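Residue 67 in our numbering sits at position 63 of the sequence shown, and the numbers go up by one each step.
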Amino acid sequence: MKKILIAIVLLIVISVPAVPFVNGIIMEKTFRGTFEQLNQLYTASSANIKFEIMTYDRGLFDSQILWRIKLGNMSEVYGIDDVVFTETARHGFTAITSETHLQKNVWYTDWINSKLGGKDPLTIQTRYSAFDPIVSTLSMDAFTAEMPDAPVTIGRLNLVFTVDTSLTSVSMNGTWDGMSQDNGNKMGPVAMTGDLTRISDLIWLGKGGAIVESFTTDSGNEKVVLSNLEFNYDISSEDDHKKMNMAMEMKTGDIVVNDQPLSDWGLSIALNNLDMAAYEEFIRLYYQVVNTQMAKALTPGIPQEDAVKAMQEVLAQNSPKLVAGIEKLLKKDLEFKISRLNIVLPQGEISGRLGLKLKQDVIMSQMMMLAAQPDKALEIFSMKTDVIVPVSLAGPRRTELTSPLFAGMKTGLFIQDGNILKHNAQTRDGKLYLNGKEVLLNF
């Protein structure tokens, strides 16, 4: 028994020093596998962006890695061919920790030396483990940058990314102290979250958002102060992943404009029942246009007029493809919805809701025919809208808003009820009703 115990102890003593080396092997496998996954994703998006390991020197207790992101077509936009990273990884007994730097990039070191007095504000630390996700923390110290009108102070930033090794799940949490100028413009602090799951090379589902604690802009003539500005998004799908829903919400707490207190601004919009296969096909097509052709129009140094002309030419050349892609999205039950619109102004409150839904699959030729046969819209769409606007905000256009626009209307777009203008429109039983009265589209 004693000999067995001694053998076990000796085995542990011999094997323990090898643990960091084994972890180093696991990290290299994870590192290379992650790069393969990233390149697959960017190939699918036609971005021509490539992650490349330049050197990987793995030792017993550490690894020295030199890698880069080749920007491909986007290099013409940013004016650089690649971004080079140096990574030093320390092999531990339970995990590996690494630090990543950008000092191999001349454009980056020149910026640090000329603008920040040689002090690098950026720190990137990553933790690799055999059984846990990759956790990367990006921290940036506060610094001040010179701007034409006034220096801008950029506050401290801290972002934590958690990614599984197959790149199917990504979460992010972060805080940013914000930014400010001596002239009274400032924003922050900001809190950010995100939690996404990849279901294809181009489609991610999940939710996230950001909260800006305070935002102030002062032009001299007008000062606006917002508090608790919040933005949220939610991309979801049923289990079969045939259709998806996209929702976005923006809202604020208190608003003060030139000492005039306002509150409760909000907007909630959604696109529901979007065909996922058609959406992925359209996104793939859109990326092809943007990443392979549009980048050429955005090359630095090109005069603005020439850039605009080049972009217009790219869109014109590809418009048949894009229109065909959009047409495939126009499937039955596709719905655009504004569930909340609230804007509080000194004149009063604006509020509204809108719902527009396809009753059938639609092709573009049907849409073009609506100009000649507007009643056909009732076969294609179902709709419901409600809007309330203060009369004082309409000003001299109140009469136009409350008068019929054509012979088929019995009321104007709005009807007046005391100090407010009301609008209600809906389709029902194959007819369009405006403010309770039927609208004759063919008259």
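Every residue, glycine too, gets a C-beta built ideally from N, C-alpha and C.
Source: prediction; values computed, not measured.
- Counting only runs of 4+ residues, the alpha helix (DSSP H) found wholly inside the region 343-403 occupies 368-373, 381-384 and 395-398, in chain order.
- If you look at Arg288, you'll find it in the alpha helix (DSSP H) that goes Met280 to Val293.
- Membership of Thr157 in the beta strand (DSSP E) is indicated by the continuous run Val156 to Ile158.
- Our two residues, Phe55 and Gly83, have alpha carbons roughly 18 Å apart in a direct line.
- As the crow flies, the alpha-carbon of Gly359 is around 37 Å from that of Ala311.
- Listed in chain order, the non-local C-beta contacts of Glu442 below 8 Å within the same chain comprise Lys414, Lys435 and Leu436, local neighbours out to five positions each way being set aside.
- In this structure, Ile128 sits near Glu103, with a CB-CB distance shorter than 9 Å.
- Between Leu438 and Ala398, the C-beta gap is not smaller than 9 Å, which leaves the two residues out of contact.
- Secondary structure in the region 400-446: the alpha helix (DSSP H) runs of 4 residues or longer, each lying completely within the stretch, are 402-406 in chain order.
- In terms of Cα proximity to Met78, the closest of Gly182, Thr220, Val293 and Phe35 is Val293.
- With respect to the 9 Å criterion, Asn262 and Lys211 are not classified as neighbours on the basis of their beta carbons.
- Counting other Cβ atoms within 10 Å of its Cβ, Trp111 stays below 16 and is therefore classed as exposed.
- At the C-beta level, Val164 and Thr141 come within 9 Å of one another.
- Rounded to the nearest whole angstrom, the C-alpha separation of Arg131 and His105 is 15 Å.
- Under DSSP, His105 forms a beta bridge with Thr90.
- Non-local beta-carbon contacts of Ile392 in its own chain, meaning distances under 8 Å to residues more than five positions away in sequence, involve Glu353, Ile354, Ser355, Gly356, Ile424, Leu425, Lys426 and His427 in chain order.
- Each of Val139, Thr157, Leu161 and Thr179 was checked against the Cα of Ser173, and the nearest Cα belongs to Val139.
- The beta-bridge partner set that DSSP reports for Gly212 consists of Gly198 and Tyr237.
- Partner residues in a beta bridge of Val81, as assigned by DSSP, do not exist.
- Residue pairing from DSSP places Lys341 in a beta bridge opposite Ala274 and Gly359.
- Restricting attention to Asp168, Lys341 and Gly121, the CA atom closest to the CA of Asp136 is found in Asp168.
- In the DSSP assignment, Met176 is bridged to Phe165 and Gly198.
- The Cβ-Cβ distance between Asp186 and Pro155 falls below 9 Å.
- In this structure, the alpha-carbon of Gly440 lies about 12 Å from that of Asp390.
- Inclusion of Ile53 and Trp71 in the CB contact set at 9 Å is not warranted, their separation being larger than that value.
- Within the same chain, Cβ atoms closer than 6 Å to the Cβ of Gly257 are found at Ser231 and Asn232, the five residues on either side in sequence being excluded.
- Setting aside the 5 residues that flank it on each side, Asp337 is surrounded in the same chain by Asn277, each with a C-beta closer than 6 Å to its C-beta; the list follows chain order.
- It is roughly 36 Å from the alpha-carbon of Val87 to the alpha-carbon of Leu275.
- By the criterion of at least three beta-carbon pairs nearer than 8 Å, the region 323-341 is in contact with the region 284-291.
- Around the beta-carbon of Ile239, 16 or more other beta-carbon atoms lie within 10 Å, marking it buried.
- If you draw a straight line from the Cα of Lys119 to the Cα of Gly159, it is about 16 Å long.
- Secondary structure at Ile330: helix, using DSSP grouped into helix, strand and coil.
- A Cβ-Cβ contact shorter than 9 Å links Trp269 with Asn346.
- Taking the Cα of Leu64 as reference, the smallest distance to any Cα among Ala48, Gly76 and His95 is reached at His95.
- Nearest to Met176 by alpha-carbon distance, out of Thr148, Ala411 and Ala214, is Ala214.
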